[in-house]
Amino acid sequence: MTASDSFMPITLSSGVRAAAARTPHKVALTENERSLTYDRLVKRIDQVASLALGGLGLKPGEHVALMSPNCIEYFEIVCGISSAGLATAMVNPRLTAREAAYICNDSRARVLFVHASLEDLARSADLQTVERIIVIGKDYEDLLGRAHPLAEPVAVGENDIFAIPYTAGTTGQPKGVLLSHRSRVITFFSMAVEYGCYSMDDRSLAIAPLYHGGGFAFAMAPIFFGGSCDILTKFDPELVLQRFTTQRITNTFMVPTHFNAVFALGEATLARYKSPHLRTIISNAAPLPQATKEKIVAMFGAGILHET
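Here the sequence shown stands for residues 71 to 378, numbered as in our numbering.
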């Protein structure tokens, strides 16, 4: 323990584990027709950690890469890998094979977890450090099922790195950002205070891509605090409005382009949707024009919009 450590170390999965102890049968994550309870989520997190250290022969301090659109597995992989003392490099699923290879090689990832829809792209990439590709939706489930439980939990420090999201690379090659457990969890607590929407009774809609540090943070915070999160696999403006109502969503994170697409649906479409449960909308990543702010307030109500 260092001078900056908390008395009780805080890690990415610690909140999830606490929630599982309180409400094991509560649904933590949903994605279309799929769902995971807290109890099941923690079991799968532990299976990923066991797979990493056992079946894959990885060692604490090493890195893996994850290239996937938004899905339930994203959370259990990042949390499970970090519970094993490793870090996940998050790869934009829209990159070319050359661009994806750069991130995998730069992060020195030994294993690449890739969504089945991106398998061909991954296998065509010049992966110099990756020793094994695991396909989500194919061999991933079989490997998890054969993972042996760890004899004892890995000692993970709160200042250890849990994820490596990469910058956009607009001024050069993308750069990996080293995120520690402590830095991200402190962000969760500041978000909870600032926005007031991450209680056990809250339900979030994850719209932004999870490979982005902000997108992952706003999707992970709800389940860290024992709430729930509904995951959109891809952005569809009318589907967003539908989910607000059908899933009883209380909060979401959106960027200006999301709002533009929603309001482009037209007055007739917008008039069909009411969101009685929505209490918080967070906008980030780019300035939000005043005209758009006024539209948001007019449609969703005053006191709901937060711009950071």
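We treat Cβ as the ideally placed atom computed from N, Cα and C, and that holds for glycine.
Buried versus exposed call for residue i [16 or more other C-beta atoms within 10 Å across all chains shown]
i	result
Gln243	exposed
Gly85	buried
Arg193	exposed
Ser260	exposed
Ala135	buried
Glu103	exposed
Ala254	First, the residue type needs correcting, since residue 254 is Arg and not Ala in the sequence shown. Arg254 comes out buried.
Thr322	buried
Arg168	exposed
Cross-strand partners of residue i (DSSP beta bridge)
i	result
Ala159	Ala135, Ile234
Asp176	In the DSSP output, where bridge partners are listed per residue, Asp176 has none listed.
Ala372	Answer by DSSP bridge pairing: none, since Ala372 is not bridged.
Glu377	Ser353
His382	The structure shown does not extend to residue 382, since the chain is modelled only from 71 to 378, so the question has no answer here.
Phe323	Ile352
Given residue i as reference, the closest of the options once Cα atoms are compared
i	options	result
Arg110	Gly150, Ile277, Asn140	Gly150
Ser298	Ala135, Pro307, Leu275	Leu275
His328	Glu308, Gly246, Ala135	Glu308
Ser138	Arg164, Arg349, Lys113, Ala338	Arg164
His95	Thr107, Glu101, Glu377, Arg313	Thr107
Thr93	Val112, Glu103, Leu82	Val112
Asp300	Asp230, Ala278, Glu228	Ala278
Cys141	Phe258, Leu99, Val310	Leu99
Gly246	Pro219, Tyr144, Ala170	Ala170
Thr315	Thr303, Asp196, Tyr343, Ala289	Tyr343
Residue i CB to nearest heavy atom of the ligand GDP below 7 angstroms
i	result
Asp190	The ligand GDP is absent from the structure shown, which contains no ligands of any kind.
Hey, is the region 184-202 in contact with the region 153-160, meaning 3+ C-beta pairs nearer than 8 angstroms? No, the region 184-202 does not touch the region 153-160.
Evaluate contact between the region 230-238 and the region 265-275, counting only Cβ atoms and requiring at least three cross-stretch pairs below 8 angstroms. no
For the region 287-305 against the region 81-91, do three or more pairs of beta-carbon atoms, one drawn from each stretch, fall closer than 8 angstroms, so that the two count as touching? Touching, yes, given that three or more Cβ pairs across the two stretches are closer than 8 angstroms.
At a cut of 8 angstroms, does the region 189-198 reach the region 121-131 through at least three beta carbon pairs? no
Only counting runs of 3 or more residues, tell me where the beta strand (DSSP E) segments fall wholly within the region 79-106, in order along the chain. 97-101
Sufficient close CB pairs (3 or more, under 8 angstroms) joining the region 316-331 to the region 358-377: yes
For the region 227-307, which segments carrying the beta strand (DSSP E) assignment without a break, of at least 3 residues, lie completely within its bounds, in sequence order? Runs of the beta strand (DSSP E) lying entirely within the region 227-307 and spanning at least 3 residues, in chain order: 231-235, 273-276, 298-301.
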